[in-house]
Amino acid sequence: MTSDNVVRLPGQDAPESPASPAARGDGMAADNHALALRMHRFSLDRDAQFQSDALRNPAWDILLSLYVAQMEKLDAPFATLCVANRLSSDMGAAAVKALHALSLVAWREGEPNSPVALTPRGAAQMNQFLQRVALSA
1 MTSDNVVRLP GQDAPESPAS PAARGDGMAA DNHALALRMH RFSLDRDAQF
51 QSDALRNPAW DILLSLYVAQ MEKLDAPFAT LCVANRLSSD MGAAAVKALH
101 ALSLVAWREG EPNSPVALTP RGAAQMNQFL QRVALSA
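For the sequence shown, the UniProt record's numbering gives the first residue as 1, with consecutive numbering after it.
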């Protein structure tokens, strides 16, 4: 799971990859990438602080993970996404199915090692959302 081409587990800070937007000097892409990472860590910290799943939003956490993975040019197998977001397979599947129904992600259901990826629509909507958040801060 800590391979150079697979999504890292939360809190496993790896040295900056040459494929990351910041390393490439992509400006706005780097800002969106950094914001998505902060938002994902915030979700994990919130869950730990309140020691409850009541405040969780698995679909949003997966969407953030997929955005970061895409920005870092990493694969995101379904099983790894579940582990990285501290989700059971059932919770992960429900979240990915909901995102798939919205045409935000692509996934071959029922295959644990099947990659999950943002669709072009999902990537565009995440970019737009993160830009709006950055401008409002």
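Even glycine gets a Cβ: it sits at the ideal position worked out from N, Cα and C.
Would you list, in sequence order, the uninterrupted alpha helix (DSSP H) runs of no fewer than 4 residues that lie entirely inside the stretch 62 to 135?
Segments of the alpha helix (DSSP H) lying fully in the stretch 62 to 135: 78 to 84, 89 to 101.
Ordered along the chain, which non-local residues of its own chain (more than five positions away) have a Cβ less than 6 Å from that of Phe78?
As a position in the sequence shown, residue 78 is number 78, starting the count at 1. Only Pro112, Ser114, Val116 meet the Cβ criterion.
Contact defined as beta carbons within less than 8 Å: I believe Leu35 pairs with Leu130. What is the distance between those atoms, to the nearest angstrom?
Against the sequence shown, residue 35 aligns to sequence position 35. Against the sequence shown, residue 130 aligns to sequence position 130. That belief holds up - the Cβ atoms of Leu35 and Leu130 are roughly 5 Å apart, short of 8 Å.
Is it right to say Pro120 is buried, meaning 16 or more other beta carbons lie within 10 angstroms of its own, or is it exposed?
The residue given as residue 120 occupies position 120 in the sequence shown. When all chains shown are included, Pro120 counts as exposed.
Three or more beta-carbon pairs under 8 Å between the stretch 90 to 104 and the stretch 56 to 72, yes or no?
The stretch 90 to 104 vs the stretch 56 to 72: in contact.
Roughly how far, in whole angstroms, is the beta-carbon of Gly92 from the beta-carbon of Leu81, given that I think they are within contact range, below 8 Å?
As a position in the sequence shown, residue 92 is number 92, starting the count at 1. As a position in the sequence shown, residue 81 is number 81, starting the count at 1. Indeed, because the Cβ distance is near 6 Å, the residues count as touching under 8 Å.
Closest by CA to Leu118, which one among Met126, Ala124, Val105?
Translated into the one-based positions of the sequence shown, residue 118 becomes position 118. Per the Cα distances, Val105.
Hey, out of Leu37, Glu109, Leu87, Met28, whose CA is closest to Arg56's CA?
Your numbering for residue 56 matches position 56 in the sequence shown. Closest by alpha carbon: Leu87.
From Gln125 to Ala101, what distance separates their C-alpha atoms?
Residue numbering aside, residue 125 sits at position 125 when the sequence shown is read from its first letter. Residue numbering aside, residue 101 sits at position 101 when the sequence shown is read from its first letter. Near 15 Å, if we compare the C-alpha coordinates of Ala101 and Gln125.
Span of the alpha helix (DSSP H) holding Phe43?
As a first step, residue 43 must be located in the sequence shown, where it is residue number 43. Sequence inspection shows Ser at residue 43; the Phe mentioned does not correspond to that position. 28 to 50 is the extent of the alpha helix (DSSP H) around Ser43.
Which residue wins for smallest C-alpha separation from Arg108, given the options Ala84, Ser43, Ala76?
The residue you call residue 108 lines up with position 108 of the sequence shown. Residue Ala76 is the option with its Cα nearest to Arg108.
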